[in-house]
Amino acid sequence: MWTKVCTFLIITFCVIIQYNVTYAKRILAISSFPSYSHQMSYRGLWLELHKQGHEIVSVTTNPIQNSSLTNYTEIDINYFYKGFPEYKSIPYLDSTIRLTTAYLNLPFLEVERNLVWAAGHVLNQELFKNPEMKKLYATDSNEHFDAVIVAQGATISLNALAYRFNAPLIGISSLDVFNHLRYTFGSLILPSHISNWQINKPNEKNMSFWRRLVNFYEVWKQMYSWTNEHIVIEDAIVKKYLGEDLPHINEITRNMSIFLVNRHPAFVHGKPEQPNVVYYYGSHIAKIPDALPKNVKQFLDDAKEGFIYVSLGSHVKWEELPNNTLEAFVDGFSTLPYKIVWKLSPDLLPKKYKNILTLQWFPQQSILAHPNIKLFIYQGGLQSTEEALYYGIPLIGFPILWDQAYQVRNIVRLGIGVHLQIDTISKETVKATIHEVISNTSYKDQMQRWSKIYRDSPYDSLQNAVRWIEYVIRQNGTPFLRNNLCDDPWYQRYDWDIIGFLAILLFIVFLISMWVLLLILRGKMLKITCKMCIVLSLWFLFANNITNAGRILVITPTPLYSHQIVFQSLCLALNRRGHELIVATPQPIKDSTLTNYTEIELLSLPSLVKQYQENVPQLSLTDLLKLGWTMTHKMSTSIFDNPKVKKLYHSDSNEKFDAIILELVGYPSLSIMSYRFNAPLIGIISMGIHNYHRYVFGSPIYPSHLSNWEINALTEENPSIWQRAWNFIETWRLIHFWINDFITMEQELIKKYFGNDAPHSVDIIKNMRLLLINENPVLAYPRPEQSNAIFFNGIHIQKTPPSLPKDLGQFLDNAMEGFIYVSLGTVTTCHTLPKETLRNFVEVFSKLPYKIVWKFECDELPGKLDNAFISKWFLQQSVLAHPNIKLFIYQGGAQSTDEAVHYAIPLLGIPSMSEQENRIRRLVSLGVAISIKLNELTQKRLNNAIHQILNDKSYKEKMMRVSSLSKDQPCNSTENLIWWVEHVMRHKEANYLRFSDSDKPWYQRYDMDIIADFLSIVDEFVFNDKVQPVKLPKKELADGVMVNVTGWGAVEEDGKSSPMLMTISLPIVNKTTCQDTYKYIHRITNRMIRAGNMHGGQDECVGDSGRPLTAGSTLLGITSWGYNCLTLLTPSIYASVVIQILSGSNIIFEI
1 MWTKVCTFLI ITFCVIIQYN VTYAKRILAI SSFPSYSHQM SYRGLWLELH KQGHEIVSVT
61 TNPIQNSSLT NYTEIDINYF YKGFPEYKSI PYLDSTIRLT TAYLNLPFLE VERNLVWAAG
121 HVLNQELFKN PEMKKLYATD SNEHFDAVIV AQGATISLNA LAYRFNAPLI GISSLDVFNH
181 LRYTFGSLIL PSHISNWQIN KPNEKNMSFW RRLVNFYEVW KQMYSWTNEH IVIEDAIVKK
241 YLGEDLPHIN EITRNMSIFL VNRHPAFVHG KPEQPNVVYY YGSHIAKIPD ALPKNVKQFL
301 DDAKEGFIYV SLGSHVKWEE LPNNTLEAFV DGFSTLPYKI VWKLSPDLLP KKYKNILTLQ
361 WFPQQSILAH PNIKLFIYQG GLQSTEEALY YGIPLIGFPI LWDQAYQVRN IVRLGIGVHL
421 QIDTISKETV KATIHEVISN TSYKDQMQRW SKIYRDSPYD SLQNAVRWIE YVIRQNGTPF
481 LRNNLCDDPW YQRYDWDIIG FLAILLFIVF LISMWVLLLI LRGKMLKITC KMCIVLSLWF
541 LFANNITNAG RILVITPTPL YSHQIVFQSL CLALNRRGHE LIVATPQPIK DSTLTNYTEI
601 ELLSLPSLVK QYQENVPQLS LTDLLKLGWT MTHKMSTSIF DNPKVKKLYH SDSNEKFDAI
661 ILELVGYPSL SIMSYRFNAP LIGIISMGIH NYHRYVFGSP IYPSHLSNWE INALTEENPS
721 IWQRAWNFIE TWRLIHFWIN DFITMEQELI KKYFGNDAPH SVDIIKNMRL LLINENPVLA
781 YPRPEQSNAI FFNGIHIQKT PPSLPKDLGQ FLDNAMEGFI YVSLGTVTTC HTLPKETLRN
841 FVEVFSKLPY KIVWKFECDE LPGKLDNAFI SKWFLQQSVL AHPNIKLFIY QGGAQSTDEA
901 VHYAIPLLGI PSMSEQENRI RRLVSLGVAI SIKLNELTQK RLNNAIHQIL NDKSYKEKMM
961 RVSSLSKDQP CNSTENLIWW VEHVMRHKEA NYLRFSDSDK PWYQRYDMDI IADFLSIVDE
1021 FVFNDKVQPV KLPKKELADG VMVNVTGWGA VEEDGKSSPM LMTISLPIVN KTTCQDTYKY
1081 IHRITNRMIR AGNMHGGQDE CVGDSGRPLT AGSTLLGITS WGYNCLTLLT PSIYASVVIQ
1141 ILSGSNIIFE I
């Protein structure tokens, strides 16, 4: 007996070991920035990956140094904290990474450009020079990794290690997504959105045009510096250490599989993001905090009035702040009735205070978890913010460095804290601010509310990050999540070239009109009329800124089975969770066994359905959409008139709902139900999101992106400017119709049934909490979407399909050569297909050696077909699950596609509309399908396509891979949907996922008015004897030639800008001499001009960036950067105009 037990245990142990050996992967994790708080946000993830059985090689400044950890290797770069001699050449840094007080007065973007990026170059080179790293990446090292995770920021050169090890690149950040990474990924850059933390002055809601103009200039200037200065140096670092044959570092970064961002989505201001951006948070927060030191615990336990915890993190030194700062806090704290726990060197206090305990380090989470804490005064660090949210502690933010002001602004916006500003610090302001936060209970109440939201998650955030990493490793990268917009020039991403082209065209029309008007008027009124036209045009442009059980109302009016089956699956899943549902649908389930499940049967209006089916082959897509909207308008009217629905929304019905789920294809008037019942609105779509939804939500609209199917002719991968112009016109014309015609009709419907005081349907939809979208990310073209877009797929697919009817089952079992299943859905039927097309099907099918299972709605076939089983209806999933199936011929429907992919059946797509054609085109690009347009179908093409798919094994093999990808998801799609619905019901007032730019006019979302203003300024130049076009150089100047710099910059180091325009003459400096000066900071390239007095005394200074470098009337360059004004041996650097002209570079200069 014992022998058997021991044998069983040994076999079990071997199986487990073998599983771990097979599954466990080797991961290189690099987090090289010397900051304790940032390192801690990564460490939790590395340890969790190790816990899951993976081998970790961690490159870190804060090693754990735990010898008991096996398969956990650390490359210790703790010496990064000590700094490097090269730091001395970087302004505002000493030889360590400590900042000087001059830093406090610097604009944010200047700090990023001249300090953070410059320090990044030094750190990145030092990492490549590290002996252990050299041994690791050496060409003969034979090291292998299954994934490379790199902390992002100024560390882009380190991404090349993923290419070196031929492993998927995974990015990670302890901050929000950087603008330069959005630019690299092809994502949306929003200079004036409140989420943009990389800006000199904090963004606010409803900013003026001029403020937005400054933001636009500053952000795109920063993108220019990143692309043309920082990236150049980083790519040179890569080539130096890893070889010249590597791809450009930008190309490597663009192919990043996923980007893990350490932010809770509730606190990042809802905005569109790439599909490969994955949020995680709280990985460093201990489930059970460490025990407090005995003396600290005693001090806190004795704090009967409560205590205040004070910490400015690991980078800020109190003694380095302006003179009166420490004194103001000491004086303010010493007179308070509360005890103070202060992360501060005890030597800095002038004397001992009974109510103040100071130490150089405290276990912060243990302090925040103590019940006597009243308040946390901190610097605005992201990890500290997370901890305060987790424990529900009100905050006073005292920001000092970089992104901290943005974090503090965020806590003020949420009502959970107050901003204490360093430039107004005094004993009085310290005491008054503390009194405000502690005595005003709203701060504590709001913090408790947001703490619940922070803790309320559909899954463990850390586990989700691990699942995504493992998903990337299993798939050896996720290129299908990559947005192909990153390959397009920046101006094409926003259609700025199309807008420019149309603007020029309109301007030409305007000039012709003016010329005609001139011929007509020929009088003195001409000038007055022209001026009036200009004034009125400008006025028009700027003035017309165009889980407890809940009760849920579900309205899904579209009378199509393929749509309804998705909605039914969600409703039944919610019902199984214990929620009560009232479902208004044209296709009720009618299951008497269901409890708390009431159905209101809506009219299916078969005449409208038939009219739509008949028009599918005849109308263009845009006309078909317009026809569809007029039909949905009639359906909405019938729903409002439905007696049972009327009884629900009647003013004295006393009905209450916790959420309204509305099908959002074409029923905006029904959104009024959310207003009527004061319940959050949740939209649901059984296929991809529409452009008019994106318009309402403020999401980016890409007329020529491959994902856009709402155009009459689908765009190609590299469309011409003419095709893009036409796509632009078609897309925006359709949106214009939806807003100005269809919505107007729908709003009249709302007024009819709910009165003139009812809100506008567009405003209701803008505030929609969630939009549930039935779209498989593997089968879609990746693009940025708003944060409240929740994607799902395959929820209608049954784990065990029902048994087939006996006769059909026998027919399929006897199909020894296999069978082909044919179904063109519910819209395209035999009644709407041309007879010639039907005859072509019959002729081809009759000659095949395979059996045919054909969903055919008519009574008779147009010919003889002996090898076919014909029926008006089939259990489609049961047919697709049969092992003898060879091919599925279909129309490209969303649900049929999900089912075919689930069962790994190759496809022959015969689409009848653009939405289906676009879906099939994506499948063709994946190598799992062939497409034939309905109007191009012939016997020969049909026959060739069938034989090609069945004779080429690659179609089946690739479909099996796509099927595996589709099934391999980080979380269960149905469970994720249910959690989000319940989350909305739990936090009805929380609308944090909403994109605030949805309230802005369309042209402000894309900064088109800013661009128009630039164009109008250029157009208004009048040349005279004082204003002339600048001359451009034809060759470079020799060393020593005198040049002129003009600007309003400071006249002394750390001084204010000059009130008058200044000019100085400087000599051109030899490139080699300049390179020796800056060799540890910047790479001096041929694109740069070097000019300056090597003996000091005269130079450009802070505020001169973007100013011209000239010789006479010739523009030579643009002021770019420099270090330490007036200092010896530090010439200034200018972007060379002559090199750009000679190389033909397409670069915008700042003039």
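In UniProt numbering, the protein residues as written are 1 to 1151.
In this text, a Cβ means the ideal position worked out from N, Cα and C, and glycines have one as well.
For D76, the three-state DSSP class (helix, strand or coil): strand
For S311, report the span of its beta strand (DSSP E) as first-last. 307-311
Rounding to the nearest angstrom, what Cα-Cα distance links P759 and P265 in this structure? 28 Å
Short of 6 Å in beta carbon distance, which residues of its chain neighbour E126, apart from the five on each side in sequence? Order them along the chain. none
Using the Cα positions of N991 and N228, report the straight-line distance between them to the nearest angstrom. 39 Å
Does the stretch 895-904 touch the stretch 697-708, meaning 3 or more C-beta pairs lie closer than 8 Å? no
Go ahead and pull the three-state DSSP assignment for E55. strand
For V844 and K933, I'd like the C-alpha separation in whole angstroms. 17 Å
Put S966 into one of helix, strand or coil per three-state DSSP. helix
Any idea which residues DSSP pairs M1042 with across the strands? P1067
Considering only the alpha carbon of each residue, which of D245, Y183, S58 lies closest to R254? Y183
Per DSSP, cross-strand counterpart(s) of R1090: I1133
Going along the chain, which residues of its own chain have a beta-carbon closer than 7 Å to the beta-carbon of L574, five neighbours each way excluded? I552, L581, I978, V981
Can you tell me whether DSSP reads R551 as helix, strand or coil? strand
CA nearest to the CA of S35, picked from I258, G381, L414: G381
So the alpha helix (DSSP H) A725 belongs to, where does it begin and stop? 721-737
Identify whether S823 lies in helix, strand or coil by the three-state DSSP scheme. strand
With DSSP as the reference, identify every bridge partner of W342, one or two as the case may be. V310, T358
Between the Cα of G1047 and those of L1032, T1063, K1035, spot the shortest distance and give me the residue it belongs to. T1063
Buried or exposed: C858, going by 16 or more other Cβ atoms within 10 Å of its Cβ? exposed
Where does S1132 land, buried or exposed, given buried means 16+ other C-beta within 10 angstroms? buried
Apart from the five residues on each side of it in sequence, which residues of its chain come closer than 6 Å, Cβ to Cβ, to H563? S686
I'd like to know whether the C-beta atoms of L602 and P586 end up nearer to each other than 8 Å. yes
Separation of G1049 from V1069, as counted between CA atoms: 21 Å
Own chain residues within Cβ distance below 6 Å of E746, not counting five before or after: P668, S669, S761
Could you tell me whether the stretch 496-504 touches the stretch 77-87, where touching means 3 or more Cβ pairs closer than 8 Å? no
Indicate the three-state DSSP secondary structure (helix, strand or coil) for S569 in the structure shown. helix
Just curious, the beta strand (DSSP E) that I870 is in, first and last residue? 868-871
Can you list the alpha helix (DSSP H) stretches of 4 or more residues lying completely in the stretch 374-414, in chain order? 382-391, 404-414
Return the chain-ordered list of same chain residues with a C-beta closer than 6 Å to the C-beta of G909, the five sequence neighbours on each side being excluded. G892, I920, A929, S931
Per-residue DSSP class, three states only, for S283: coil
How would you write the range of the beta strand (DSSP E) that L1061 sits in, first residue to last? L1061 -> no beta strand (DSSP E), and no H or E assigned at all.
Do you know how far the Cα of V232 is from the Cα of Q274? 25 Å
Best match in W450, V853, E387, I308 for proximity to T433 [C-alpha to C-alpha]: I308
Let me check one thing: in DSSP terms, what residues is S31 bridge-paired to? T60
Nearest-angstrom Cα distance between K134 and S32? 15 Å
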